[in-house]
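**Student:**
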Amino acid sequence: MRLLVTGAAGFIGTSFVRQALGPRRADVARVVVVDALTYAGNYANLADLAGDAGFRFVHADIADAPAMAALVREERIDTLVNFSPASCRSRPRTVKSRHSAVAAPGCSGG
Ligand SMILES: NC(=O)c1ccc[n+]([C@@H]2O[C@H](COP(=O)([O-])OP(=O)(O)OC[C@H]3O[C@@H](n4cnc5c(N)ncnc54)[C@H](O)[C@@H]3O)[C@@H](O)[C@H]2O)c1
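Letter by letter, the sequence shown follows residues 3 to 112 of my numbering.
Here you go:
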């Protein structure tokens, strides 16, 4: 499995990534994580994983569709797990105010 985990530097994402790269990772070949490091994300939550050959951190916004598409192709991602709250139905005001000009993928508004 080649995982792309978005919103991975937050509360739940950090724990998920650690599980995915943990001792029972036999079926996980690659974990690529994307986080915009906004109000809640903190790279320090994942920094100790940087030496793991199966791990890659990408500082990016999931609303950057061309960048996300390129990353999926480049890393041959087959599974996506999203923990970023920047979706159509649940977008906290904090994110909306900081990304007011950016539409989330698949959404009609910013
Ligand atoms: N924590 C809970 O108790 C709980 C309960 C129910 C649902 N949820 C949902 O689960 C998801 C994860 O929760 P959490 O507590 O880990 O959230 P969190 O706020 O701790 O983490 C969210 C992460 O997403 C990143 N992010 C935000 N906008 C982004 C963007 N545009 N592009 C890339 N990264 C972006 C942030 O930097 C942060 O690292 C959220 O959607 C939340 O609404 C959480």
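C-beta atoms are modelled at their ideal positions from N, C-alpha and C, and glycine is treated no differently. Predicted model, so just to flag it, every value in this text is computed and none were measured.
#1: Where does residue 40 fall in DSSP's three states?
#2: Would you kindly work out how many angstroms separate the C-alpha atoms of residue 77 and residue 44, rounded to a whole number?
#3: Could you check if residue 68 belongs to the surroundings of ligand 1, using beta carbon to heavy atom distance under 7 Å?
#4: Which stretch, first to last residue, makes up the alpha helix (DSSP H) that contains residue 74?
#5: Since I believe residue 16 is in contact with residue 64 (beta carbons under 8 Å), could you give me their beta-carbon distance rounded to a whole number of angstroms?
**Tutor:** In terms of the structure at hand:
#1: coil
#2: 23 Å
#3: no
#4: 67–77
#5: With 8 Å as the limit, residue 64 and residue 16 do not qualify as a contact, their Cβ atoms being about 17 Å apart.
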